[in-house]
Every structure is written in C-alpha cells, then in structure tokens.
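Taking the working numbering, the leading residue of the sequence shown gets 3, the next gets one more, and so forth.
Written out below as structure tokens is the structure these notes cover.
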Amino acid sequence: MNISAVDPHGLTLNGQYWNQALILGSKIKPQPWPEGQIDFNTAASSLTRFVQRHTDPLHNTIILLGTGLHQIFPDKSIRKQWAINGLTVEVMNTPAACRTFNLLLSEGRNVIAALTFSAFI
Numbered sequence: 003m004n005i006s007a008v009d010p011h012g013l014t015l016n017g018q019y020w021n022q023a024l025i026l027g028s029k030i031k032p033q034p035w036p037e038g039q040i041d042f043n044t045a046a047s048s049l050t051r052f053v054q055r056h057t058d059p060l061h062n063t064i065i066l067l068g069t070g071l072h073q074i075f076p077d078k079s080i081r082k083q084w085a086i087n088g089l090t091v092e093v094m095n096t097p098a099a100c101r102t103f104n105l106l107l108s109e110g111r112n113v114i115a116a117l118t119f120s121a122f123i
C-alpha cells in the first residue's frame, strides 16, 4: 500500500484516486470514513470506536489523524476520551499524515490513518 500523491481534495492510493475522507491501515483495507465528512469533532470522536473495533492490542498501533490542509486539534474532551481509552493519536495536516503513514508502513509498523480533506479547511 502506498500513497503516491495528495491534493486538497483527495489522494492517490495504489493508483486509485480517493476524493473523500477515508480510513486505512497496515491491517485495514482503505474504506470511506463517513464521519470524516460530517464535522471535525464528530470525526475525531468516532476514531476511538473505529480503532477499538479494528486493533488488538491498542498500545502497538500508531494512529494518525489528518485534518486537511491545516493541523486542527480536536476539543479537549475528545483528547481526554482518547487518553482514557489508551489511544495515542498524532494529529497533523493530511499531507504530513500521508507521508508519515508511508514511512511507518515501510518500517513494518502497525498504523491506522484517518484522513480528511477540504471538509475542515
């Protein structure tokens, strides 16, 4: 799996262009992330539920949240929810999250990326 290009509206993953929010991982096939099209705090909150359903054990998973062209941090209550659930979520702009995702995959790390695009610019 390789993200080869990113623009403000989507990304190219394994030769396929995605122009909607998506979630993918080292052990998760790319899939649309409907919550990533709603609003930022709903999307950030839903990440906890998604990760809990798709990872075991959580402490070995690196979680990346791409927030569009700009780095936007979720509300303190959501960051607290992540901490209570034992999640470390790295929040960064989407191009940086894509680069980091590719790097971590190349190192054989267990990673999940939740990526949004123009919805939160």
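No residue lacks a Cβ here, since even glycine has one placed at the ideal position from N, Cα and C.
Your pair residue 115 and residue 68 checks out as a contact, with CB atoms roughly 6 Å apart and the cut at 8 Å. Distance from the CA atom of residue 8 to the CA atom of residue 105, rounded to whole angstroms, is 15 Å. Comparing C-alpha distances from residue 25 to each of 77, 52, 82, 108 shows the shortest one belongs to 52.
Taking each of 73, 88, 91, 3 in turn and checking the Cα distance to residue 31, the smallest one comes out for 3. Within the DSSP bridge table, the entry for residue 20 names 13 as partners. For residue 63, there is no enclosing alpha helix (DSSP H), as DSSP marks it with neither H nor E.
Collapsing the DSSP output to three states places residue 80 in a helix. With 16 or more neighbouring CB atoms inside 10 Å of its own CB, residue 42 falls in the buried class.
Here residue 94 is bridged, per DSSP, to 68.
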